[in-house]
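Accompanying notes for the structure given below.
Number of protein chains: 2
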Amino acid sequence: MNNNVKVYLSEQRDRQLEELTEFLKIPSVSSLSEHTKDVESCANWISNSLSEAGMQNVKVMPTKRHPVVYGEWLGAEGKPTVLIYGHYDVQPVDPLHLWETPPFEPMIRDEKIYARGASDDKGQVFMHIKAIEAIMKTTDSLPVNVKFLIEGEEEIGSPNLPDFIEEHKEMLAADVLLISDTALYAKGEPAICYALRGLAGVQIDVKGPKRDLHSGAFGGGVPNPAKQLVDLIASFHDDNFQIRVEGFYDKVRALTEEEREAYRALQFDEEKVKKDLELSELVGEEGYTFLERVSGRPTLEINGIYGGFQGEGIKTVIPAEAHAKITCRLVPNQDPDEIIQLIEKHIQKNKPAGVEVTVTPFDKGHPFITPFDHPAIQAAAKSYEEEYGVPTKFIREGGSIPIVAVFDQILKTPVVLMGFGLESENIHSPNEHFHLENFDKGLAVICDYLFRLSDSL
Amino acid sequence: MNNNVKVYLSEQRDRQLEELTEFLKIPSVSSLSEHTKDVESCANWISNSLSEAGMQNVKVMPTKRHPVVYGEWLGAEGKPTVLIYGHYDVQPVDPLHLWETPPFEPMIRDEKIYARGASDDKGQVFMHIKAIEAIMKTTDSLPVNVKFLIEGEEEIGSPNLPDFIEEHKEMLAADVLLISDTALYAKGEPAICYALRGLAGVQIDVKGPKRDLHSGAFGGGVPNPAKQLVDLIASFHDDNFQIRVEGFYDKVRALTEEEREAYRALQFDEEKVKKDLELSELVGEEGYTFLERVSGRPTLEINGIYGGFQGEGIKTVIPAEAHAKITCRLVPNQDPDEIIQLIEKHIQKNKPAGVEVTVTPFDKGHPFITPFDHPAIQAAAKSYEEEYGVPTKFIREGGSIPIVAVFDQILKTPVVLMGFGLESENIHSPNEHFHLENFDKGLAVICDYLFRLSDSL
């Protein structure tokens, strides 16, 4: 990276923090309609900031609710294009009385900046704009083509973004999607999350006799929906926690030896999990570690089951109905729609006698992976290492970030999740904050990355 | 039977119905403390009535709550002793506005007497007293020795009767226990219930992680109590509805060919059950009919199961706990305590990994049978046939009458359930009534039975 950029960043630090403070002061709470105007001002603030940084074709683009801000600089002929995604909306602030300083009056204490959105995600979005600004101001151009897509609805589930992406596929076309909305592995330990699990699930409703029955008068002679449901659900797994739904594993991308090595490198403490959760034992699919099971392997879990009497003591009924909610976490390259179909087929095949079974799918999400040997990820790892001085960890997350899967599905662009937050920074809670150490290092990492990408893809 | 008895019954009918009206006027609601005095007057009324009928050693015997009335006549030397059990307490009357005439102002309409307790059980208790009276007044003695035990707590579960029976074993010793507190098979079709199922059950509580967990972050790596419970419960049955708890069937008294013939003679309409319950299919243990399954075979039923999220839609949690309530209906000669032990052993043997399982037994009840070839039952069947002119049916009930099992366990006396009610008589509901046809026929049946018993045992 150009040394002038580093000097610029250092010289401009105070001004930048003042600007960040301004940005954080805007109460852009996307879920509350009384803040609709604030969300809009915030979009305009971003738009101005992008223009000042040297982005072109900057626009605030309306959606059905809160606008998307777009900007681009496409002057790096023959070079790769990076699409930077983030969000400028924030979570509500209640309970307000638990904040040590007001959520929209940013305050720096102990080298941390306290405010709603400081870490999630305004702070991190701001860093990208300021990184671009620093390179533009010092080199008059950028080493890669850059597009910004900053939305205002992430905290309400990005309801309008999938359609927006679909409608603006060409405008958003890029070689890398860069997102800073996640956390480091730990303080001083950078990590890139290269895979997320997807989601597919169903509600199973089992209907038996038309009313609850006396278990004396009818027990043994009529289908008991609770028993029939239990048998059906028990059929989903074998005794070794393997899922018995036919075809369930067919499209599962096996963990590579490199990926398993990356897991091992984390030196994860399973004993600590057991202790924290007060469990005598961790269980799961044979041949995999805890971390592999919860992020690299698919699951089928019961989230809820209910039927019949739940009160104190005994009530000798045969319930008329029983219900279960099950969800699967999916790994690449499983397809949620296909998995739902396989589950429906399994239920059909194992349909219990004498009862009606209804299966209702829940919302779905695709799994995502950008294999970590991808040059865009390897370059990111190197940029992290340059600043943090330790090897970058490669991790997978067991949960889902639905919008990442949407980008992946529509744009087919490799995704780099380059986060600078910390798990301890109280996002979504009172006293959200962001460590300035990671603000400074992160700015340098981003600048370094843009230069590095120029020659990597 | 002596013809004088018939003449007496016919001549005294109006007076008897007046007396029954008096008896039914007493609001002896055992569950409501404001009726404590009424329950006591009712005991005294019974006591007087027994004395007037010629019973000796009549006494109102206190218990912790409502008194028991006892009386005896032991002058039939060398003849069998009959213990007649019934109850003089009644159910509450609410909702009062649904009664066509007030519950404690007995009224005869269409040859039925309407009042709370008319069928359950004052009407039937009254018949026994009047049968005794008729024989005593006409023959100056009784063909058998007779003891009465009329309690005042049946409708609240007879909490004090087991101890009372235990403490007065000798006083209550008899060759037959005669109870009229059940129903005919249908109008004009007498039936003797010769067996009841017992009850044994447990609550199963499964505890996993110390709090609900995110199924993304932890799914696949920790024990899911709902899944572990489902597996455990699924292990209770094989695919053919046979119970897999080791030893469960060891003490089951097989249905005899005569008993199965008695079942067949009922010409039970299984299609009607399916239609009433809106079931596509009746299921159960292979090789048995519906009636056999629900009354002659033991069961293990889930009465309730619950764990995790039960709201609308999806919540991707791994629940911290899951629970089930299961009860078994037992048949002779299964022992409830032994069955609980076998279930506990089964759970221990099939204990799911990584979770804590707690098993809490519920209240238990013994099954009961007096094989219907017993002379006391055969005599009862003949007495019924004498009056009703059709063969008596022999039935088993799938439910439990706990106090019958208690008598059976403590006194070891054959039990004859000689009921005169009808299923349609609204017991426990508004507009309870009793058909006078069965009052008249029943009085004759009881008299005939006492004479018949004299030579049968």
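So the protein lines, in turn, are chains B and S.
Counting from 1, one number per residue, gives the positions in the first sequence under UniProt numbering.
Counting from 1, one number per residue, gives the positions in the second sequence under UniProt numbering.
For glycine and all other residues, C-beta sits at the position ideal for the given N, C-alpha and C.
- With 16 or more neighbouring CB atoms inside 10 Å of its own CB, H366 of chain B falls in the buried class.
- Per DSSP, the beta-bridge partners of E151 of chain S are S:H87.
- Take E423 of chain S, set aside five residues on each side of it, and the residues of its chain with a beta-carbon closer than 7 Å to its own are A183, in chain order.
- For L9 of chain B, same chain residues with a beta-carbon under 6 Å away, outside a window of 5 residues either side, are A134 and L443 in chain order.
- Taking 7 Å as the cut-off between beta carbons, the residues of the segment 259-282 of chain B near chain S are L277, E278, L279, S280, E281 and L282, in sequence order.
- Across the segment 182-200 of chain B, CB contacts with chain S closer than 9 Å involve L196, R197 and L199, in sequence order along the chain.
- Distances from the alpha-carbon of D335 of chain S to those of S:V355, S:K315, S:A320 and S:I369 put S:I369 closest.
- Judged by DSSP in its simplified three-state form, P361 of chain B adopts strand.
- Nearest in C-alpha terms to Q16 of chain B, of all of B:L300, B:M127 and B:I427, is B:M127.
- According to the DSSP assignment, A43 of chain B belongs to the alpha helix (DSSP H) that extends over T36 to A53.
- By the neighbour-count criterion, in which 16 or more other beta carbons inside 10 Å mark a residue as buried, V7 of chain B falls on the exposed side.
- In its chain, beyond the 5 residues on either side, I26, P27, S28 and V29 have a beta carbon closer than 8 Å to the beta carbon of D38 of chain B.
- Interface with chain B (8 Å Cβ-Cβ cutoff): P209 of chain S is included.
- By the CB criterion at 8 Å, P223 of chain B and V230 of chain S fall outside the cutoff.
- The distance from the Cβ of F394 of chain B to that of I192 of chain B is about 6 Å, consistent with a contact at the 8 Å cut-off.
- Excluding the 5 residues flanking it on each side, H323 of chain S has same chain C-beta neighbours closer than 8 Å at Q203, I204, D205, V206, L229, G304, I305, Y306 and G307, in chain order.
- Using beta-carbon distances, V245 of chain S does not count as an interface residue toward chain B, since no partner is under 8 Å.
- H168 of chain S and H97 of chain S have their alpha carbons spaced roughly 42 Å apart.
- Contact check for L330 of chain S against L417 of chain S fails: the beta carbons are separated by 8 Å or more.
- Take M107 of chain B, set aside five residues on each side of it, and the residues of its chain with a beta-carbon closer than 8 Å to its own are T101, I113, Y114 and A115, in chain order.
- In the DSSP assignment, G421 of chain S is bridged to S:A183.
- The segment 104-170 of chain S is shown to contain whole beta strand (DSSP E) runs of 3 or more residues at 107-109, 112-114 and 145-151, in chain order.
- For the segment 291-308 of chain B, the set of residues with a beta-carbon nearer than 7 Å to any beta-carbon of chain S comprises R293, V294, R297, T299, E301, I302, N303, G304, I305, Y306, G307 and G308, in chain order.
- Following the DSSP letters along the chain, one finds F439 of chain B in no beta strand (DSSP E) but inside the alpha helix (DSSP H) bounded by residues L436 to S456.
- Here the segment 251-269 of chain B makes no contact with the segment 175-190 of chain S; the two share fewer than three CB pairs at distances below 8 Å.
- Neighbours of A322 of chain S across chain B, judged by C-beta separation under 9 Å: I302 and I305.
- Residue B:F407 holds the alpha-carbon nearest to the alpha-carbon of E166 of chain B among B:F451, B:R452 and B:F407.
- Within chain B, the C-beta atoms nearer than 8 Å to that of K315 of chain S come from N303, G304 and K325, in chain order.
- Going by beta carbons, S31 of chain B and E155 of chain B fall inside the 8 Å limit.
- With a contact defined as Cβ atoms closer than 8 Å, G75 of chain B and M55 of chain B miss out at about 11 Å.
- Within chain S, the residues whose beta carbon sits less than 8 Å from that of S400 of chain B are G216, listed in sequence order.
- Counting other Cβ atoms within 10 Å of its Cβ, P190 of chain S reaches 16 or more and is therefore classed as buried.
- For R260 of chain B, the closest alpha carbon among the candidates B:F23, B:G287 and B:C42 is that of B:G287.
- Taking 9 Å as the Cβ-Cβ cut-off, the segment 353-368 of chain B approaches chain S at A353, G354, V355, E356, F362 and D363, given in chain order.
- Scanning chain B for C-beta atoms nearer than 7 Å to the C-beta of Q310 of chain S yields G304 and Y306, reported in chain order.
- When 9 Å is used as the limit between beta carbons, R329 of chain B is near these residues of chain S: S215, G216, G219, G220 and T316, in chain order.
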